[in-house]
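Student: In the working numbering, the protein residues as written are 33 to 199.
Note that CB positions come from ideal geometry on N, CA and C, so glycine has one too.
(1) Does the structure place the segment 163 to 172 close enough to the segment 75 to 88 that three or more beta carbon pairs sit under 8 Å?
(2) Could you check where the alpha helix (DSSP H) with residue 79 kicks off and where it finishes?
(3) Taking 9 Å as the cut-off, decide whether the C-beta atoms of residue 198 and residue 177 are in contact.
(4) Closest to residue 181 by C-alpha separation, out of 159, 189, 69, would be which residue?
(5) Which runs of the beta strand (DSSP E) spanning at least 3 residues fall entirely within the segment 92 to 148, listed in chain order?
(6) By the 10 Å Cβ neighbour count, where 16 or more other Cβ atoms means buried, how is residue 92 classified, buried or exposed?
(7) Could you pull out every residue in the same chain whose Cβ sits closer than 8 Å to the Cβ of residue 144, ignoring the five residues on either side in sequence?
(8) Ordered along the chain, which non-local residues of its own chain (more than five positions away) have a Cβ less than 8 Å from that of residue 191?
(9) If we ignore side chains and look at the alpha-carbon of each, how far apart do residue 123 and residue 105 end up?
(10) Mind checking residue 97: buried by the 16 CB within 10 Å criterion, or exposed?
(11) Does the distance from the C-beta atom of residue 107 to that of residue 74 stay below 9 Å?
(12) Near residue 102, which residues of its chain fall below 6 Å by C-beta distance, leaving aside the five closest residues on each side in sequence?
(13) Once the 5 residues before and after residue 89 are set aside, which same chain residues still bring their CB inside 8 Å of it?
(14) Taking residue 156 and residue 59 to be in contact with their CB atoms under 8 Å, please state how far apart those CB atoms are, rounded to whole angstroms.
(15) Give the single residue among 161, 168, 99 whose Cα lies nearest to the Cα of residue 125.
(16) Over the uninterrupted beta strand (DSSP E) stretch that includes residue 190, give me the two end residues.
(17) Using 8 Å for Cβ pairs, my map puts residue 179 next to residue 196. What's the rounded Cβ distance?
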């Protein structure tokens with residue numbers, strides 16, 4: 033009887049510890065895009081944007097990021113590239129119209145890990161909300177590139193910390 037009780041207690045303890053693993057999801061808008069070519073629907077980053085992408089690397093370098101997700105545009109890919117290169121991982125593409133799939137994948141396959149998602153001014157708040165967090169703003173101004181949302185997922189709960197990064 034003692035052994036059975038001990039096994040039950042240990043099993044519960046292990047389940048509690050496993051269930052409490054925290055997943056951290058950093059969500060950012062792409063850095064400043066190059067506007068020197070009017071009409072270019074897929075512009076790269078400007079010089080200021082390239083600097084910001086390296087500022088993002090410096091901000092997250094010590095976080096032990098496991099994966100970088102990005103939409104398939106030059107500006108988002110280039111924003112995530114310095115960090116992806118630092119951690120020696122390929123950028124994982126995602127479709128911003130399928131946030132539920134992205135959230136499910138991250139909750140299932142990246143439990144207890146830290147990841148970065150790079151999106152757009154009209155998608156990142158939706159992503160943050162899809163994880164169950166509530167940002168303080170309802171839209172991102174076109175001129176704002178320095179927001180870094182940190183969503184922490186523990187069990188079914190989500191918490192949000194909003195940071196600024198870069199110069």
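Tutor: In this structure, then:
(1) no
(2) Translated into positions along the chain shown, residue 79 becomes position 47. From DSSP, the alpha helix (DSSP H) with residue 79 extends over 79 to 92.
(3) Here the question's residue 198 lines up with position 166 in the chain shown. Here the question's residue 177 lines up with position 145 in the chain shown. In this structure, residue 177 lies closer than 9 Å to residue 198 by Cβ.
(4) Translated into positions along the chain shown, residue 181 becomes position 149. Nearest of 159, 189, 69 to residue 181, Cα basis: 159.
(5) 99 to 102
(6) Position 60 of the chain shown, counted from the first residue, corresponds to residue 92. With 16 or more Cβ atoms within 10 Å of its Cβ, residue 92 is classed as buried.
(7) Start at 1 with the first residue of the chain shown, and residue 144 comes out as number 112. Cβ-Cβ distances below 8 Å link residue 144 to 53, 54, 55 in the same chain, with the five nearest sequence neighbours on each side left out; the list follows chain order.
(8) Position 159 of the chain shown, counting from 1, holds the residue named residue 191. Once the five neighbours on either side are set aside, the close Cβ partners of residue 191 are 165, 183, 184.
(9) Translated into positions along the chain shown, residue 123 becomes position 91. Translated into positions along the chain shown, residue 105 becomes position 73. Each residue's alpha carbon lies about 12 Å from the other.
(10) The count along the chain shown starts at 1 and reaches residue 97 at position 65. Buried is the call here.
(11) On the chain shown, position 75 is the one that residue 107 refers to. On the chain shown, position 42 is the one that residue 74 refers to. For the 9 Å CB-CB criterion, residue 107 and residue 74 form a contact.
(12) Translated into positions along the chain shown, residue 102 becomes position 70. Answer for residue 102: 108, 109, 112, 123, 150, listed in chain order.
(13) In the chain shown, counting from the first residue as 1, residue 89 sits at position 57. These residues qualify, in order along the chain: 114, 115, 118.
(14) Along the chain shown, one-based indexing puts residue 156 at 124. Along the chain shown, one-based indexing puts residue 59 at 27. Confirmed, Cβ separation roughly 5 Å.
(15) In the chain shown, the residue the question calls residue 125 occupies position 93. Of the candidates 161, 168, 99, the one whose C-alpha sits nearest the C-alpha of residue 125 is 99.
(16) Numbered from 1 along the chain shown, position 158 holds the residue referred to as residue 190. That run of the beta strand (DSSP E) goes 189 to 196.
(17) Stepping through the chain shown from its first residue, residue 179 is reached at position 147. Stepping through the chain shown from its first residue, residue 196 is reached at position 164. Taking C-beta atoms under 8 Å as the contact rule, residue 179 and residue 196 qualify, at a distance of about 7 Å.
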